[in-house]
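This report refers to the structure that appears directly beneath it.
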Amino acid sequence: MNKRKSVFGAAIGLAFVAIFSVTALATAGGGVTAGAQVRGTLTQDVKVNADRIKFQTKGATDVVVQTTSYVPGGFSGWHTHPGFVLVVVESGAITVQVGCSFNTYSATQSFYESGTTPIMARNLGTSPVVVRITYIVPQGSPVRIDVPQSGAPSC
């Protein structure tokens, strides 16, 4: 009976450590509200070259759209994306840090995100920010990958 309690207690302890270690290592955001995602799949390879724009996929690819809002002082937390992301700023201004480089985008401006360099988006202004995001990712992939604090740039 005591051996069973010890094993059970150890299992609970390990589960607790595993859950809270992962949570503690991630750089969570704050002041951000992500709307519902709408996801559709391009089931065939796509190869388009029209009007000076090239777009190509290999295999099934998901297109995901979402509206995200940032309160003043809101921030995304460090993250990356599989595939690539296209963003349109609907209102306000968002400051995006990629590695140690900063850019601010205002209403009607667009930007893209891709690669493995950690990204952080912040609302440094006094008004709310709304962005419309289109993610192009391999089928079934998450649209965001959290980066642990140890992977954040030290500028």
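In our numbering, the protein residues as written are 2 to 156.
We put the beta carbon where it would ideally sit given N, CA and C, even for glycine.
| Asked | Found |
| --- | --- |
| Secondary structure of Val23, DSSP reduced to three states | Because Val23 carries a pLDDT of 40, less than 50, the predicted location of this residue cannot be relied on, and no value is offered for it. |
| Gln57 (DSSP reduced to helix, strand or coil) | strand |
| Distance CB(Ser115)-CB(Phe76) smaller than 8 Å | no |
| Beta-bridge partners of Glu114, as assigned by DSSP | Val86 |
| Contacting residues, own chain, Cβ-Cβ under 6 Å from Thr42 (five flanking each side not counted) | Ala61, Asp63 and Gln140 |
| Beta-carbon spacing of Thr69, Val138 below 8 Å | no |
| Continuous beta strand (DSSP E) stretch holding Leu43: start and end | Val39 to Leu43 |
| Distance between beta carbons of Ser142 and Pro73, contact taken as under 8 Å | That belief does not hold up - the Cβ atoms of Pro73 and Ser142 are roughly 32 Å apart, past 8 Å. |
| Boundaries (first-last residue) of the beta strand (DSSP E) holding Val64 | Thr62 to Phe76 |
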